[in-house]
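Colleague:
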RNA sequence: GCUCCUGUAGUGUAGUCCGGUCAAGCAUUUAGGCCUUUCACGCCUGAGACUCGGGUUCGAAUCCCGACGGGAGCACCA
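Residue numbers (my numbering): 176 to 644.
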């Protein structure tokens, strides 16, 4: 049985990089008809928070990544870690270390001066001391010679010399287990067959493999994913805009689009760009993961999001639009059906935030017309046609695309002007700006009453302008 | 500093394992055009890359060596 796990630490929110890791784990488990486990690595009691746990859980559910087991909290498993630690101490696989923080610092500084890699020098490794009352940590007795070969599914065989590794702390002075120790026990206990995680863990892997050996358990199969960098090539951080996955929800992205964008960062299937979730699961494989770091590009995410907006079933987008209209405070009580808005605006908005923002004038009055648009479109020459248009639209009984179009066409032909000459002023009058969906669609969405009112206002503006000339 | 990973257009990638079909494909970005009553969508055309230097070979993006660049790790953080 293939079992993967996503093991975030709640010392921070769920960010894009972690989501990509989670996605690959999730996809691989699904692809193999295996299981996916969510484990919360909260051994750092100081920095782990309940809020971050919530952020992670919320993010996972928004993205639609379900798990077969979990969330399992490491803090619930301390007994188990202690059991192993005690056992290792008895078997001589681990030892007590009494070195103080100062001593360790001094040791590292010396190594640095000598141009060596900083690591624990094994001072207490063979100490025959048993006074358990003093403050001490437990260290793992790492083999001194030989090498560890990590057979990575992405990197190939990576070799580490044991003498490059040091005796890492597995239990702190306060009795809490450290990350590398807890991970190994968990992955073993939970029968994780494949560990898929960020590149930054590659250097931890040989020590973990050594601990699996000490445990007498086969290590899982590892895959180390290339990192995701910001668009400037530096590590992805707040500087690059949103990092918290929830920010992407607030910005109006569709979860499937985010997954689709992320899956193409470090994985590919020929030239294909767009994958629905089913396809992703079907086509995903570890052997197609590539090895170099990728830079995050919001341009492409935006493009993909629009692709999803344009091709999704309109009904499925209604909740999204509703959510974002509420978010930016649009009163939806008086205006068109959301589904009509979606159909009119989906190909001119990249996100739901943009769409909500763009359709505001269909629901609420606006105070100001763009001055540039006034100057260009609401000119005295158009006064008569606008008045004529107003009187016709006023008489319309069935406010439909066809009839609105007929009115506009009629006025255009009476005054012998082309559509653009009357369409743009009309658009500016009813929307306040110079870009909107086709004019009949726009008017239809805005409704007859509002259209007439706004037309009257525009006519007043034009009149005033004519007088002042 | 040491250890490990990595290097195809601005960005993501195909091709690299098993040299020739690659005078390097696709997508995004970008420039121009078409469509169009605006914006967008769509369509067409263009710009833009094998990090560099050696070597092997009839032939190298692909194999070998070196340099340089980028990233990560070296905690009683995860």
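Even for Gly, the Cβ is constructed at its ideal location relative to N, Cα and C.
(1) Rounding to the nearest angstrom, what Cα-Cα distance links residue 570 and residue 403 in this structure?
(2) By a C-beta neighbour count over all protein chains shown, 10 Å radius and 16 as the cutoff for buried, is residue 500 buried or exposed?
(3) Grouping DSSP H, G and I as helix and E and B as strand, with all else coil, what is residue 468?
(4) In three-state terms, what does DSSP make of residue 392?
(5) Here's the rule I'm using: 16 or more other beta-carbon atoms within 10 Å means buried, otherwise exposed. How should residue 449 be labelled?
(6) Can you list, in chain order, the residues of its chain with a C-beta nearer than 7 Å to that of residue 535? Leave out the 5 residues immediately preceding and following it.
(7) Fully enclosed by the stretch 522 to 576, which alpha helix (DSSP H) runs are 4 residues long or longer?
(8) Thinking C-beta only, is residue 203 closer than 8 Å to residue 371?
(9) DSSP three-state label for residue 419, please.
(10) When the Cα of residue 246 is compared with those of 276, 277, 183 and 518, which residue comes out closest?
(11) Could you give the DSSP three-state label for residue 329: helix, strand or coil?
(12) How many angstroms separate the CA atom of residue 465 from the CA atom of residue 206?
(13) From residue 162 to residue 335, what does the alpha carbon distance come to, in whole angstroms?
(14) Rounded C-beta distance between residue 325 and residue 381? I'm assuming under 8 Å.
(15) If you drop the 5 nearest sequence neighbours on each side, which residues of the same chain put their C-beta closer than 8 Å to that of residue 630?
(16) Cβ atoms of residue 178 and residue 435: under 8 Å apart, would you say?
(17) How many angstroms separate the CA atom of residue 557 from the CA atom of residue 240?
(18) Helix, strand or coil, according to DSSP, for residue 245 in the structure here?
(19) Comparing C-alpha positions only, which one of 249, 454, 398 and 445 sits nearest to residue 355?
(20) Near residue 327, which residues of its chain fall below 7 Å by C-beta distance, leaving aside the five closest residues on each side in sequence?
(21) Report yes or no: do three or more beta-carbon pairs, one from the stretch 521 to 532 and one from the stretch 480 to 494, lie closer than 8 Å?
(22) Reducing DSSP to helix, strand and coil, say where residue 397 ends up.
(23) Residue 179 lies in the beta strand (DSSP E); which residues open and close that run?
(24) Which residue from 420, 362 and 217 puts its Cα closest to that of residue 192?
(25) Hey, would you say residue 292 sits closer than 8 Å to residue 339, going by beta carbons?
(26) Please report the straight-line C-alpha distance between residue 316 and residue 281, rounded to a whole angstrom.
(27) Nearest-angstrom Cα distance between residue 525 and residue 509?
(28) For the pair the stretch 607 to 616 and the stretch 574 to 582, tell me if three or more CB-CB distances fall below 8 Å.
(29) Considering only C-alpha positions, which residue in the set 543, 180 and 621 is nearest to residue 512?
(30) From 619, 224, 460 and 180, pick the residue whose C-alpha is nearest to that of residue 210; which is it?
(31) How many angstroms separate the CA atom of residue 475 from the CA atom of residue 287?
(32) Assign residue 214 to one of two classes, buried (16 or more other C-beta atoms within 10 Å of its C-beta) or exposed (fewer than that).
(33) Does the Cβ-Cβ distance between residue 636 and residue 553 come in under 8 Å?
(34) Are residue 244 and residue 212 closer than 8 Å when you measure CB to CB?
(35) Counting only runs that start and end within the stretch 293 to 321, where is the alpha helix (DSSP H) found for 4 or more residues in a row?
(36) Should residue 551 be labelled buried (16 or more other beta-carbon atoms within 10 Å of its own) or exposed?
Modeller: Put simply:
(1) Residue 570 and residue 403 have their alpha carbons spaced roughly 60 Å apart.
(2) Residue environment analysis places residue 500 among the buried positions, since at least 16 neighbouring C-beta atoms fall within 10 angstroms of its C-beta.
(3) The three-state secondary structure of residue 468, taken from DSSP, is coil.
(4) Coil at residue 392, not helix or strand.
(5) By the neighbour-count rule (16 or more Cβ atoms within 10 Å), residue 449 is not buried but exposed.
(6) 505.
(7) Inside the stretch 522 to 576, DSSP marks whole alpha helix (DSSP H) runs of 4 or more residues at positions 527 to 533, 546 to 552 and 558 to 570, from first to last along the chain.
(8) Cβ distance < 8 Å, so residue 371 and residue 203 count as in contact.
(9) Note: residue 419 maps to strand in three-state DSSP.
(10) Nearest C-alpha to residue 246 among 276, 277, 183 and 518: 183.
(11) Coil at residue 329, not helix or strand.
(12) Rounded to the nearest angstrom, the two C-alpha atoms are 18 Å apart.
(13) Nothing about residue 162 can be reported from this structure: the residues present for the chain run from 176 to 644 only.
(14) Right, their Cβ atoms sit about 6 Å apart.
(15) Short of 8 Å from the beta carbon of residue 630, and not among the five residues preceding or following it, lie these beta carbons of its own chain, in chain order: 561, 564, 565, 568, 601, 604 and 605.
(16) No, they are not a contact pair.
(17) C-alpha of residue 557 to C-alpha of residue 240: approximately 56 Å in a straight line.
(18) Looking at residue 245 - three-state DSSP - the assignment turns out to be strand.
(19) That would be 249, whose Cα lies nearest to the Cα of residue 355.
(20) Answer for residue 327: 333, 397, 398 and 399, listed in chain order.
(21) Touching, yes, given that three or more Cβ pairs across the two stretches are closer than 8 Å.
(22) Here residue 397 carries a strand assignment [DSSP, helix/strand/coil].
(23) Residue 179 -> beta strand (DSSP E) spans 178 to 181.
(24) Closest option to residue 192, Cα to Cα, is 420.
(25) It is a contact, given that the beta carbons lie within the stated cut-off.
(26) A direct Cα-to-Cα measurement between residue 316 and residue 281 gives close to 22 Å.
(27) If I take the Cα positions, the gap works out to 25 Å.
(28) Yes, the stretch 607 to 616 is in contact with the stretch 574 to 582.
(29) Proximity to residue 512 across 543, 180 and 621 peaks at 621, based on C-alpha coordinates.
(30) Closest option to residue 210, judged by alpha-carbon separation, among 619, 224, 460 and 180: 180.
(31) Using only the alpha carbons, I get a separation of about 43 Å.
(32) Residue 214 should be labelled buried.
(33) The answer is yes: Cβ separation under 8 Å.
(34) For residue 244 and residue 212, yes; Cβs fall inside 8 Å.
(35) Listed in chain order, nothing qualifies, since the stretch 293 to 321 has no complete alpha helix (DSSP H) run of 4 or more residues.
(36) Flag for residue 551 reads exposed.
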